[in-house]
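J.: I have a structure I would like to understand better, so I am pasting it below and will then ask my questions one at a time.
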Amino acid sequence: MQAAYWTGREAKGFLGNVSAHLYVEFDGNNIDPTRLEEAVRKLYETHAMLRMQITADGRQIIGKKEESLSFEVEDLSRLKPQALAHRLAEKRESWTSRSLDLVSGETSAFGLSLLPDGASRLHVDTDMAAIDPPSFCLLMEDLARYYEMPSLPVEPGESSFFDWLDAKADDADLHRRQQEDKRWWQERLDDMPPAPDLPVVAAGQRVKNGRLAAYLSPAERRSLDETARRLRVTVSALMLGLFAAVVGGATGSGRFRLNVPMFWRAPYTAGVERLVGDFSNTLILAVDLRPGETYEEVCKSLADRMLDLLAHSAYPGVSVMRDLSRHQRSLQSAPIVFTSGLGLPGGGLFSERVRQVFGSMNWAVSQGPQVALDAQVAELDGGILVNWDIRYDALPEAWVEAAFKSYERLARKVAADPRSLGELAVCNVMTCGSARRPATYTQDMLLELLNRLAPGRVTGSDADMHLPIRDFGLGEGDLADFVTFLNRYIPSAAIAPEDIGPASTTATLASLINDRSGKASDSIARAFLQAVGASSRISLAAQPAE
1 MQAAYWTGRE AKGFLGNVSA HLYVEFDGNN IDPTRLEEAV RKLYETHAML
51 RMQITADGRQ IIGKKEESLS FEVEDLSRLK PQALAHRLAE KRESWTSRSL
101 DLVSGETSAF GLSLLPDGAS RLHVDTDMAA IDPPSFCLLM EDLARYYEMP
151 SLPVEPGESS FFDWLDAKAD DADLHRRQQE DKRWWQERLD DMPPAPDLPV
201 VAAGQRVKNG RLAAYLSPAE RRSLDETARR LRVTVSALML GLFAAVVGGA
251 TGSGRFRLNV PMFWRAPYTA GVERLVGDFS NTLILAVDLR PGETYEEVCK
301 SLADRMLDLL AHSAYPGVSV MRDLSRHQRS LQSAPIVFTS GLGLPGGGLF
351 SERVRQVFGS MNWAVSQGPQ VALDAQVAEL DGGILVNWDI RYDALPEAWV
401 EAAFKSYERL ARKVAADPRS LGELAVCNVM TCGSARRPAT YTQDMLLELL
451 NRLAPGRVTG SDADMHLPIR DFGLGEGDLA DFVTFLNRYI PSAAIAPEDI
501 GPASTTATLA SLINDRSGKA SDSIARAFLQ AVGASSRISL AAQPAE
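Numbering (the UniProt record's numbering), first residue to last: 1 to 546.
Now the structure itself:
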């Protein structure tokens, strides 16, 4: 994984040219900058991977603390509200898209923004080539301890990450299992489904990262836990099954592959639970949604498949994808990632100590090469944080937001009524997907146009597709512009104002346009959505070139 991260950040192609890193913000109060800096210094002395450097020939060495330490303080306490909001947004964007200098030994960066009335914001960025997500949580725990107890001496571990790597390399049993698992995977390459059919934006734009997040309450978490136990699956498998069903519906794909990271620290050395490093692997999950399957059946079948993958995880997922690329004679990827932080030994992501010292986590975003969407679920404050990290330069904003809302609604629906797991999960994908799929992009385009004519009236939900178009509050002039625009770009549909009667909905109009245009409207609508982006608000009177 370290080699894949390093190669990915150097690659200049689509979804490349980015570092694999995790950036998190904590909002707290009364943080002493001098005391925090001393705690950060102790952290660098404790964990050698904070000083890891990658040499010109690709080797890892441990440098000096003074060369690697990155800590900065910015006093924003006197800024007026508008200027403060602007500076914090600017800082968030900068840290979210930064690439730490691994050659110089910069595997992490810490920053403190001093805010009005004693408030503060802690900024932490770590490169995953040296620090995987569970290691990040360990760092925050140690940083809180060093800050809370300044007299606490530095506590280096009993072994190092390199000791762990050496012990792993000498494991004869692991070598045997790797060869067995390699054969197991190679027997399945022919049946490996493709990557999801994503509505990707044209390449060539600058990298633009973002996130969508929702919080499921402790009560909803307890309900999902109970439901998972009844199904005899983990809550992670339950959330994975729901996610796979949503991806299938959003992409119109019945068969596709997902990238599922795992973080297992084999006990090769003493004190491995205290080590900071990259212990990650990735499992390539084949999803096969079948007609008539319920959500419950999808969750159970994927849980069984995950057990198979875990049993054959000695052969790394990176190697599986390399073998698949050779087998297909083209570069293969798994651009959608599902990461679960549920069921961790310590409970939530961060302890109560971390929350008391640094405040609540208010922002977390990660990025990685060849990843368009990284969906995460993790325990937070007794509930479940659902967080999607998105490459908006690769995926249309409207499509991602609609998929996210579908996942959030589905998870809340199952939490409120577990019996809903008995509903058909794949109707939209398989049994009726072939009939609806051609009109999907046309529907999205119509909703986008209606939102521009009546801002705020279109929510982006599935229900909008079945509301009468005239109920969005459009005047006759708006409808005339609407029809003119459609006929300019899809003339073969020959839409007349009379085609939008009192009962006409987005769904029925999209079907009509699709039929009259010989299904050409889907391609045109997809190009339109990719070209303008969901957040771009242009006039309906714009000329084609614009």
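Where is the CB? At the ideal position from N, CA and C, for every residue including glycine.
1) Would you please state the rounded distance, in angstroms, between the beta carbons of Asn387 and Gln376? I believe it to be under 8 Å.
2) In this structure, how does DSSP classify Pro335 when only helix, strand and coil are distinguished?
3) My understanding is that Leu240 touches Gly383, with C-beta atoms under 8 Å, so please give their C-beta distance in whole angstroms.
4) Would you report the Cα separation of Pro261 and Ala496, rounded to the nearest angstrom?
5) Have a look at the DSSP bridge pairing and note the partners of Asp127.
6) With distances taken Cα to Cα, identify the nearest neighbour of Val208 among Phe338, Ala493, Leu174, Gly16.
7) Which whole-angstrom value is the C-beta distance of Ala129 and Asp278, which I expect to be below 8 Å?
8) Where does Gln332 land, buried or exposed, given buried means 16+ other C-beta within 10 angstroms?
9) Answer yes if the stretch 51 to 66 comes into contact with the stretch 18 to 26, meaning at least three C-beta pairs across the two stretches below 8 Å, and no otherwise.
10) Excluding the 5 residues preceding and the 5 following Asp478 in the sequence, name in chain order all residues of the same chain whose CB lies nearer than 8 Å to its CB.
11) Give the single residue among Asp190, Asp127, Glu155, Arg35 whose Cα lies nearest to the Cα of Thr99.
12) Rounded C-beta distance between Phe263 and Pro134? I'm assuming under 8 Å.
13) Would the stretch 287 to 302 count as touching the stretch 253 to 260 if we require 3 or more Cβ pairs under 8 Å?
14) Under the assumption that Leu112 contacts Leu36 (Cβ atoms under 8 Å), give the Cβ distance between them as a whole number of angstroms.
15) Would you mind stating whether Pro116 and Ser70 have Cβ atoms separated by less than 8 Å?
16) Answer with buried or exposed for Pro196, where buried requires no fewer than 16 other C-beta atoms within 10 angstroms of its C-beta.
17) In terms of alpha-carbon separation, which member of Leu449, Arg206, Gln328 lies closest to Arg188?
18) State yes or no: is the C-beta of Ala493 within less than 8 Å of the C-beta of Ile469?
19) What do you get for Pro544, buried or exposed, if any count of 16 or more other CB atoms within 10 angstroms of its CB means buried?
20) Residues in the same chain with beta-carbon distance under 6 Å from Asn30, minus the five sequence neighbours each way, listed in chain order, please.
21) Which word fits Ser236, buried or exposed, when buried means at least 16 other C-beta atoms lie within 10 angstroms of its C-beta?
22) Measure the C-alpha to C-alpha separation of Gly248 and Leu242 and round it to an integer number of angstroms.
23) If you draw a straight line from the alpha carbon of Val73 to that of Pro316, how long is it in whole angstroms?
24) Which word fits Gly475, buried or exposed, when buried means at least 16 other C-beta atoms lie within 10 angstroms of its C-beta?
25) In its own chain, which residues sit with a C-beta less than 7 Å from the C-beta of Ser521, not counting the 5 before and 5 after it?
26) Between the stretch 220 to 229 and the stretch 411 to 423, do at least 3 Cβ pairs fall closer than 8 Å?
27) Cα separation between Lys42 and Leu450?
28) Whose CA, out of Glu408, Lys80, Gly210, lies closest to the CA of Tyr392?
29) Of the choices Phe110, Ala85, Leu50, Glu148, whose alpha-carbon is the least far from that of Arg353?
30) Let me check one thing: in DSSP terms, what residues is Ala375 bridge-paired to?
31) Leaving out five residues on either side along the sequence, give the residues of the same chain with a beta carbon under 7 Å from the beta carbon of Ala531.
32) Extract the residue ranges of the alpha helix (DSSP H) inside the stretch 150 to 177, only unbroken runs of 4 or more that lie entirely within it.
T.: Let me spell this out:
1) 5 Å
2) coil
3) In fact, because the Cβ distance is near 18 Å, the residues do not count as touching under 8 Å.
4) 52 Å
5) His21
6) A quick correction: the sequence has Lys, not Val, at residue 208. Measuring from the Cα of Lys208, the nearest candidate turns out to be Gly16.
7) 6 Å
8) buried
9) The stretch 18 to 26, when compared against the stretch 51 to 66, does not touch it at the 8 Å Cβ threshold.
10) Leu453, Ala454
11) Sequence check: residue 99 is Ser here, not Thr. That would be Asp127, whose Cα lies nearest to the Cα of Ser99.
12) 5 Å
13) yes
14) 6 Å
15) Cβ distance not < 8 Å, so Pro116 and Ser70 don't count as in contact.
16) buried
17) Checking every option, the nearest Cα to that of Arg188 belongs to Gln328.
18) no
19) Only weak support exists for where Pro544 lies, its pLDDT of 40 falling under 50; the value from the coordinates is given anyway. Pro544 is exposed by the Cβ-count criterion.
20) Gly118
21) buried
22) Cα to Cα, Gly248 sits roughly 10 Å from Leu242.
23) Spanning the two alpha carbons is a distance of roughly 40 Å.
24) exposed
25) Thr442, Ile490, Ala493, Ile513, Asn514
26) yes
27) Near 57 Å, if we compare the C-alpha coordinates of Leu450 and Lys42.
28) Among Glu408, Lys80, Gly210, the Cα nearest to that of Tyr392 is on Gly210.
29) Glu148
30) Phe338, Trp388
31) none
32) 161 to 169
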